[in-house]
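Residue numbers (my numbering): -17 to 126.
Here you go:
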């Protein structure tokens, strides 16, 4: 009675793309310098089993994209539908991604959060993530 809703976590499938793109837009994860369609195409070509969606009542309500290159795991595109926040769905998506990464032997997960996103920073801190004493650098190898 009144417990958390049943979240079905599974691998992303092609039919999920329209809803996932809509979800990312709603969550303000789409930025001009990243093409989300290309990001999905790239992910499903490499470790597609680490691209997860969470369904509530048959509708995609959450997503997370994980990766592991043999040294560190990475998390991208964690999203929970705004109307579903506060139900523990983000935590459950992270638990699913962490379990898959751990099964691959991943010793540590890294992720990046915009410094202005205090809500996300607080969420990840509650999950045990701490700032690393490192500077995040980036270099584009492909045109935008």
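The C-beta atom is built at its ideal place from N, Cα and C for all residues, glycine as well.
query: Considering only C-alpha positions, which residue in the set 110, 105, 99 and 94 is nearest to residue 118?
result: The shortest C-alpha separation from residue 118 is found at 94.
task: Mind reading off the beta-carbon distance from residue 103 to residue 91? Whole number of angstroms is fine, and I expect it under 8 Å.
output: In fact, because the Cβ distance is near 15 Å, the residues do not count as touching under 8 Å.
task: Check residue 19 in the structure and name its three-state DSSP category.
output: Helix, per DSSP.
Cβ neighbour criterion (16 or more within 10 Å) applied to residue 13: Classification for residue 13: exposed.
Residue burial classification, residue 5 (beta-carbon count within 10 angstroms, cutoff 16): So residue 5 counts as buried.
message: Just to confirm my understanding: we take residue 59, look at its own chain, exclude 5 residues before and 5 after, and list those with CB closer than 7 Å. What are they?
response: The answer, listed in chain order, is 6, 11, 45, 46 and 47.
- request: Classify residue 43 as buried or exposed, calling it buried when 16 or more other Cβ atoms lie within 10 Å of its own Cβ.
  value: Residue 43 should be labelled buried.
- request: Return the CA-CA distance between residue -9 and residue 97, expressed in angstroms with no decimal places.
  value: Cα to Cα, the separation comes out at about 29 Å.
Distance CB(residue 34)-CB(residue -7) smaller than 8 Å: Yes, the pair counts as a contact, with Cβ atoms nearer than the cut-off.
- request: Classify residue 28 as helix, strand or coil using the three-state DSSP reduction.
  value: The answer is coil: DSSP assigns residue 28 none of H, G, I, E or B.
- prompt: Is residue 105 closer than 8 Å to residue 72 when the C-beta atoms are compared?
  reply: Against a cut-off of 8 Å, the Cβ pair of residue 105 and residue 72 comes out as a contact.
message: Using a Cβ-Cβ cutoff of less than 8 Å, which residues in the same chain neighbour residue -17 once the five nearest sequence positions on both sides are dropped?
response: Caution applies to residue -17, whose pLDDT of 48 falls short of 50 and renders its modelled position unreliable; the value that the coordinates give is listed next. If you ignore the 5 residues before and after residue -17, its C-beta comes within less than 8 Å of no other C-beta in its own chain.
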